[in-house]
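Working notes, beginning with the structure itself.
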Amino acid sequence: MLDTDADNASLVHTAYQIWRKAFGMYPWPLVRRVKRCWGRLKCWLSANFPEALATLRKGASEVEIEELEYRLKVKLPLPTRVLYRICDGQELMSGKFSGSMLGPPLGLIGGYCFNNMLVNVYLLPLREVITETQLVVRQLRFSSRSKYIVIATSSTFVKKIFLLNCANGELYVGTRKLATDGEMIPCVPNVLISSVHDSGGHQQQDAMLLWLEEHGRRLHDGIIKVREEGNTRSINLFPEEAPHCSTTVTNGVRVRASAVLVPEFSNLQSDTDKYLFSYSIRMALLPEGCIINGLTFPSCQLHRRHWIIRANDVVTDVDGGGVIGKYPLLRPGEGEFVYESCAYLSSSSGSIEGSFTFVPGRYAELFTSCRISFTEMFNISFVLYCSST
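No gaps in the numbering here: position 43 of the sequence shown is 43 in full-length UniProt numbering, and each next residue is one more.
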């Protein structure tokens, strides 16, 4: 009879020794931390988005990393080196995928869609880091001594670019002025970055590692999720849970609202249109239907919206019929009506507050039924906070 427990223990020990030897040049606490980071991401993808899991590449070799450093004349921060040793980014299918995409929407970082503008970001494998960085350095006229590399970009015609500064370990995302003025926004507070090139440091962490860890936390906590639209599934960055998502229920109608910063259309040099935020409004009629004064209606229809947008001392009032020319009719069990648009704010934080006015039943019935009158319209108030953090 075979001693399976002993055999398994021997296999585990052997695998561990191989692992230690392969990563022996790196601080072991850092290796374990990076492995844990990738493990959480892969676990979530396996359960929720296996199509994207299949795009993750095996880890890069030391030779491949050294080739990148030689060709781009940079020295990768230690955490980024280990990240690529364990997983060499994503392998996406090349060629045009749909009208607004250059590849499938399987980006690990995800994105958003509003006003027919689609963004979906994926992690570049090392070979694409080289080609994209060389292209961006030429286009942006960066100094030949520039230590920036492109580590993630969008697979869509709307370009969103993330650049890692290999000298100090900071990660940036480009704004609308990236191509003309090299304008970027930091993704992680600089105070959190430490010992990016010091193997003997107490705690090595660069912005790329911190960024991926936070992304994994948001995925695991359900703050961001996979959204399915038609036959397309992708990671959607509009938050789904409090405190990043505002939810209110009135008379059986549930409205959820959240917002994300859109850095690629922001302009920090502008006095008024400095930060672009895209917001997502999701409305649905709960199973019990629309209840007004004890009466239950099998549907209700959006009539008007009234919003007040605040940023610093700037207040904008928006009042009109429906949303984007639509007056959605809500019925129980039909899922959410999703409306996504955008607004410019003069500061990196602000709020959108206001209300939706709904008609119980259908809007046309206001003029055909004596049971329903204008007085039976009802408002749903909400407050949506916008923040770049």
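Note that CB positions come from ideal geometry on N, CA and C, so glycine has one too.
Predicted model only: the values in this text are computed from it and were never measured.
query: 8 Å contact criterion, which residue 456 and alanine 343 should meet: CB distance rounded; result: Examination of residue 456 is not possible in this model, given that the chain is present from 1 through 389 alone.
query: Contiguous beta strand (DSSP E) assignments of at least 3 residues, all confined to the stretch 232 to 306; result: 232 to 236, 245 to 250, 253 to 261, 275 to 285, 290 to 292, 295 to 297
query: 7 Å Cβ shell around aspartate 273 - same chain, five flanking residues per side excluded; result: Asn267, Tyr344
query: Counterpart residues of serine 387 in DSSP-defined beta bridges; result: Ser349
query: Close Cβ partners of alanine 284 (< 6 Å) along its chain, the five nearest in sequence each way excluded; result: Arg254, Glu336
query: With 16 other Cβ atoms within 10 Å as the buried cut-off, status of phenylalanine 378; result: buried
query: Rounded C-alpha distance that separates leucine 83 from asparagine 120; result: 21 Å
query: Test item: CB-CB of tyrosine 122 and serine 143 under 8 Å; result: no
query: Environment of phenylalanine 367 [buried if 16+ CB atoms lie within 10 Å]; result: Legend: pLDDT at phenylalanine 367 = 42, less than 50; position of this residue unreliable, value from coordinates given subsequently. Counting Cβ neighbours within 10 Å, phenylalanine 367 comes out exposed, since fewer than 16 surround it.
query: Assigned secondary structure, glycine 39 (DSSP; H/G/I helix, E/B strand, else coil); result: helix
query: Secondary structure of methionine 208, DSSP reduced to three states; result: helix
query: Validate contact between the stretch 68 to 86 and the stretch 104 to 114 using beta carbons, cut 8 Å, 3 pairs; result: no
query: Simplified DSSP state of tyrosine 112, which is helix, strand or coil; result: strand
query: Alpha helix (DSSP H) runs wholly inside the stretch 148 to 233, at least 4 long, in chain order; result: 178 to 181, 207 to 220
query: Cβ-Cβ separation, proline 79 to valine 196 (assumed contact under 8 Å), whole Å; result: 7 Å
query: Delimiting residues of the beta strand (DSSP E) encompassing valine 314; result: 314 to 321
query: Buried versus exposed, by CB contacts within 10 Å (16 or more), isoleucine 380; result: buried
query: Cα-Cα separation, leucine 76 to isoleucine 65; result: 8 Å
query: Three-state secondary structure assigned by DSSP to threonine 368; result: Residue placement at threonine 368 cannot be trusted, given a pLDDT of 42 that sits under 50; what the coordinates show is reported in the next sentence. Three-state DSSP puts threonine 368 in coil, outside helix and strand.
query: Closest Cα partner of proline 205 within the set Leu92, Val191, Cys43, Ile185; result: Per the sequence presented here, residue 205 reads as glutamine, with proline not at that position. It is Val191.
query: Isoleucine 123, enclosing beta strand (DSSP E) - first and last residue; result: The sequence shown places leucine at residue 123, not isoleucine. First-last of the beta strand (DSSP E) with leucine 123: 117 to 123.
query: Alpha helix (DSSP H) segment containing arginine 85, residue limits; result: 78 to 86
query: Rounded distance between the beta-carbons of valine 262 and serine 246, thought under 8 Å; result: So it is not a contact: roughly 19 Å between Cβ atoms.
query: Alpha-carbon spacing of cysteine 87 relative to glycine 321, whole angstroms; result: 50 Å
query: Cut-off 7 Å between Cβ atoms - residues of its own chain near glycine 169, not counting five sequence neighbours on either side; result: Pro77, Ile193, Val196, Asp206, Ala207
query: Beta-carbon proximity check, leucine 209 vs valine 34, cutoff 8 Å; result: yes
query: Same chain only: Cβ atoms within 7 Å of phenylalanine 265, ignoring 5 sequence neighbours per side; result: Arg176, Leu276
query: Unbroken alpha helix (DSSP H) run spanning alanine 54, endpoints; result: It is not in any alpha helix (DSSP H) - alanine 54 carries neither H nor E in the DSSP assignment.
query: Residues that serine 146 bridges to, as DSSP identifies them; result: The partner list for serine 146 (beta bridge, DSSP) is empty, contrary to what the question assumes.
query: Rounded C-alpha distance that separates alanine 179 from threonine 250; result: 46 Å
query: Alpha-carbon spacing of leucine 164 relative to glycine 110, whole angstroms; result: 18 Å
query: Bounding residues of the alpha helix (DSSP H) (the contiguous stretch that carries tyrosine 70); result: 62 to 72
query: Closest residue to glutamate 229 among Tyr172, Tyr112, Gly222, Pro332 (Cα-Cα distance); result: Tyr112
query: Cβ distance (whole Å) where glycine 89 is taken to contact proline 125 below 8 Å; result: 4 Å
query: Buried/exposed call for alanine 311, threshold 16 Cβ in 10 Å; result: buried
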